[in-house]
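What follows is a set of notes on a single structure, which appears directly below.
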Amino acid sequence: MRAMIIKEFRELRRDRRTLGMLIGLPLLLLVIFGYAANFYVSSVKTAVVGPQATVAAAALPSFFDVTVVEPGDGRTDAETLLRDNTVDVVIVTGQLPALALVDGSNLFAAQSIVSVLNKVGTDKVTTEVLYNPELKTSWVMIPAIIGLILTFIGTIVTSIGLVRERETGTLEQLAVMPIKPSAVILGKISPYFLVASIDMVVVTVLGILLFGVPFNGNVLVFALGAALFLFVVLGLGVFISTISQTTGQAIQTAFFFLMPQILLSGMIFPLDAMAAGVRWIGYLLPLTYFTMISQGVMLRGASLTSLWLPFLVLTVMAVVVFTGATLRFRRDLAPGRRRGADTAEIVAGTEVPSAS
Amino acid sequence: MSFWVRSATVRHDDVLALDDVSVTVDPGSVVVVVGGDGAGKTTLLRALVGELVLERGAVHAPPPERIGYLTAAAGSWPALTVRQNMDFVGGIYGLSGERLERRREALLARAGLVEAGDRLASQLSGGMRRKLGFCMAMQHEPELLVLDEPTTGVDPVSRIDLWRLVSEAAAAGAAVLMSTTYLDEAERAGSLLVLDGGRTLAEGSLEDVRATLVGSITVADRPHRAEWAWRRGRRFHECWLGGEVLADDVIAIEPDLEDVVVALSLKRRHEIGAAR
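In the order they appear, the protein sequences are chains A and B.
Counting in the numbering used here, the first sequence runs without a single skipped number right up to 356 at its last residue.
Counting in the numbering used here, the second sequence runs without a single skipped number right up to 632 at its last residue.
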């Protein structure tokens, strides 16, 4: 048994990925559940509109972080502020009781707002929840789960598909064939792109049919966001394949990418309720931005203009991740590749004998 | 046109995988690279097909479109059938339609794989998989055919089949460079390159390689100097590099390639040991 224990420790010492997982994962879980696992939103972005906006804004409890005060605006403007995700709640003054319009697509913030406003009293303010009137969890989860499914296919399945070529030795075969590395990558990921797209449509339709989740926005905006997000996660999958030699390693690495996305993208725990340091990790994750797009389009009917920020971030991520992953893959695939000439002569170093 | 690697030096991290190694392959000829594990055979082949970067040296080879390469791994996609593997590779090399089908069926027939055409590559025996890999490498009639240990792990009958396919490829004009650890089969090659520890021990025809060994090889029932002897069948072969007094019970023999390669390898290892 002693020999077995020593052997196991020696293998473990050389398997840095598993070692990292054994040491890093408990720390990661501690940080996430310590700082991020919080459903209570302590402050919400608030707009106050209508004739008494200034007075009402001053009278609101500190829970309401008033960022917009527009005495000249009315209900229509208030709804625009909510649809564009500028604020979580708008207090419309000029009537008694005042009207509080709440963004139900931001579930946990909405629940906190309703709870606080109920304590204020219905004689002073009435509450109307928009976009998710019954504050159903499934309505906000399904748009996020669509992103999670795309992440799963994009990272785990794609990286396994590429690593399998390495494991079976066929990647080496492809490396000497007259096929460009970019064509290899595109050929490999296109089926996954297609399957992921079909999955997305199926899950979206089932979400609408089974759970009654509304689709209030433009399908093309949603499709564009999904396509951008797919490029990011497929790029991650290609990247994972370049740092993994076996299927087991690929799954292990993909898990590292997947878990923070589930826990820190705002899908389960609201970003607003997280400690600042952990929240910023969430802002680095692509699923955070896809969830903003999917919830925005499906629930609030948000336009491309109002979702410019998540679209911009996903575009930058897609370009950076996909280009970086492709370059790494190309380097692995064809380090000494020669092309173009009828026959080629590769010369290295300084002492080169003359050709016969 | 000949294809060659000249004065190739390749380093994998701190390990010198090839040290000033050269080889030339002429059209219509078969050059076989032999040597033990870690001799540098695969590295040399990969250098010729452009799959790794040389630290020093030069390579002259056709573009990928005119190279056929069988790696030391399976060389085929396990989840595709035999014909699907052939079609995939043929498609990459620009073959299609009737031309692809004709070429595919002709090669499968020569390799005895027609009946297995619709079986998954993962369901083939080791020998059949190597023959499929060879057919895939040959499908586009390459000018340069590079085969990394095509017969390793293959049964004797399939090895004969593979050698027949290699000879046919060379007869059709291909320049063939292949590696093997089976020295008996390497003897049939027109030209040999013997590697050990990344360095050239001998090269040329079988006679040239034999001539590289100065001394004699003997056979006896027991070894006289264990560090210079090796077992073959029930008897021991031993090399005497000159100067030693031969024991009474040994019989000098005409060495075959295996004897020469083992003797040259032992000589080199003793020289390295002495230098330390």
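Ideal Cβ positions, reconstructed from N, Cα and C, are used throughout, including at glycine.
Here the structure is a predicted model, which is why all the values come from computation and not from measurement.
Using a Cβ-Cβ cut-off of 8 Å, state whether A/R16 counts as contacting chain B. At a cut-off of 8 Å between beta carbons, A/R16 makes no contact with chain B.
Output needed in chain order: residues of the region 412-441 of chain B with a Cβ under 7 Å from some Cβ in chain A. Taken in chain order, the members of the region 412-441 of chain B whose beta-carbon sits within less than 7 Å of a beta-carbon on chain A are R412, G413, A414, V415, H416, A417, P418, P419, P420, E421, I423, Y425, T427, A429, A430, G431, W433, P434.
May I have the straight-line CA-CA distance separating B/V387 from B/G546, to the nearest angstrom? Within the model, the alpha-carbon separation for B/V387 versus B/G546 is close to 6 Å.
So what does DSSP say about B/E497, is it helix, strand or coil? DSSP places B/E497 in coil when its eight states are reduced to three.
Counterpart residues of B/D412 in DSSP-defined beta bridges: The displayed chain sequence assigns Arg, not Asp, to residue 412 of chain B. Per DSSP, the beta bridge partners of B/R412 are B/T365.
Per-residue DSSP class, three states only, for B/I609: Of the three classes helix, strand and coil, the one that applies to B/I609 here is strand, per DSSP.
Which residues in the same chain as A/Y35 place their Cβ atom closer than 8 Å to its Cβ, once the five residues preceding and following it in sequence are excluded? Taken in chain order, the residues that qualify are M274, A275, G277, V278.
Have a look at B/S432, B/R587, B/Q495 and flag the residue whose alpha-carbon is nearest the alpha-carbon of B/L456. Of the listed residues, the one whose Cα sits closest to B/L456 is B/Q495.
Using a Cβ-Cβ cut-off of less than 7 Å, give me the residues of the region 391-409 of chain B that come near chain A, in sequence order. Of all residues in the region 391-409 of chain B, V405, G406, E407, L408, V409 have a Cβ within less than 7 Å of some Cβ in chain A.
CB contact below 8 Å: A/Q245 versus chain B: Interface with chain B (8 Å Cβ-Cβ cutoff): A/Q245 is excluded.
Could you tell me whether the Cβ atoms of A/F229 and A/P286 are closer together than 8 Å? With contacts defined as CB atoms closer than 8 Å, A/F229 and A/P286 qualify as a contacting pair.
Between the CA atoms of A/L284 and A/E351 - distance to the nearest angstrom: Because the pLDDT at A/E351 is just 40, under 50, the model does not fix this residue reliably, and the point stays unresolved.
Proximity below 8 Å, CB of A/V89 to CB of A/D103: Against a cut-off of 8 Å, the Cβ pair of A/D103 and A/V89 comes out as a contact.
B/R367 CB to nearest chain A CB: under 8 Å? Closer than 8 Å: no.
In the DSSP assignment, what residue or residues form a beta bridge with A/S303? DSSP output for A/S303 lists no bridge partner at all.
Check whether the region 216-231 of chain A touches the region 244-262 of chain A, counting contact only when three or more Cβ pairs, one atom from each stretch, lie closer than 8 Å. They do not touch, by the three-pair rule.
Are there 16 or more other CB atoms within 10 angstroms of the CB of A/T122, so buried, or fewer, so exposed? Its Cβ having fewer than 16 others within 10 Å, A/T122 is exposed.
Using beta carbons (cut-off 8 Å, strictly below), is A/L316 in contact with chain B? In the sequence under discussion, the amino acid at residue 316 of chain A is Val, which differs from the Leu named in the question. It does not: the Cβ of A/V316 has no partner Cβ on chain B nearer than 8 Å.
Three or more C-beta pairs below 8 Å linking the region 431-451 of chain B and the region 460-479 of chain B: Contact between the region 431-451 of chain B and the region 460-479 of chain B is present, because at least three Cβ pairs lie under 8 Å.
Check whether the Cβ atoms of B/L549 and B/L613 sit closer than 8 Å, and answer yes or no. The answer is no: Cβ separation not under 8 Å.
Starting from the C-beta of B/G453, find all residues in its chain whose C-beta is less than 7 Å away, skip the five residues before and the five after it, and write them out in chain order. The answer is none, since no qualifying residue turns up.
At the level of alpha carbons, what is the spacing between B/R362 and B/K623? Their Cα atoms are separated by approximately 25 Å.
How would you label B/H416, buried or exposed, when you count the other beta carbons within 10 angstroms and need 16 or more for buried? Looking at its Cβ environment, which holds 16 or more other Cβ atoms inside 10 Å, B/H416 is buried.
Can you tell which of A/F256, A/D272, A/T288, A/M298 has its C-alpha closest to the C-alpha of A/L29? The shortest C-alpha to C-alpha distance from A/L29 to any of A/F256, A/D272, A/T288, A/M298 is the one to A/F256.
For A/G169, would you say it is in contact with chain B, using Cβ-to-Cβ distances shorter than 8 Å as the test? A Cβ of chain B is located within less than 8 Å of the beta carbon of A/G169.
Starting from B/G560, follow the beta strand (DSSP E) in both directions and report where the run begins and ends. Residue range 555-560 is occupied by the beta strand (DSSP E) that includes B/G560.
Could you tell me whether any Cβ in chain B is nearer than 8 Å to the Cβ of A/M274? Chain B places no beta carbon closer than 8 Å to that of A/M274, leaving this residue out of the contacts.
Along the alpha helix (DSSP H) that carries A/G235, what are the first and last residues, could you check? Note, A/G235: alpha helix (DSSP H), 219-242.
Determine which residues share a DSSP beta bridge with B/E594 and list them. Partner(s): B/T574, B/A585.
Suppose the cutoff is 8 Å on Cβ atoms and the five residues either side in sequence are ignored; what does the same chain contact list for B/P498 look like? Excluding positions up to five away in sequence, the list reads P418, R422, I423, G424, A530.
Using the three-state DSSP reduction, which class does B/G468 fall into: helix, strand or coil? Looking at B/G468 - three-state DSSP - the assignment turns out to be coil, as it is neither helix nor strand.
Among B/D393, B/R555, B/V522, B/A465, which residue has its Cα nearest to the Cα of B/T628? Thr is not the amino acid found at residue 628 of chain B; the sequence shown has Ile there. It is B/R555 whose Cα lies nearest to the Cα of B/I628.
Give me the subset of the region 170-202 of chain A whose CB atoms are less than 7 Å from a CB atom of chain B, sorted by chain position. For the region 170-202 of chain A, residues whose beta-carbon sits nearer than 7 Å to a beta-carbon of chain B comprise T170, E172, Q173, A175, V176, M177, P178, I179.
Element boundaries [alpha helix (DSSP H), containing A/G142]: Contrary to the premise, residue 142 of chain A reads as Ile rather than Gly in this sequence. Unbroken alpha helix (DSSP H) run through A/I142: 137-151.
Under three-state DSSP, which class holds A/S197? DSSP places A/S197 in the helix class (H, G or I) of the three-state scheme.
The region 231-243 of chain A in contact with the region 154-161 of chain A per 3-pair CB rule at 8 Å: In short, these stretches touch, since the Cβ pair count reaches three.
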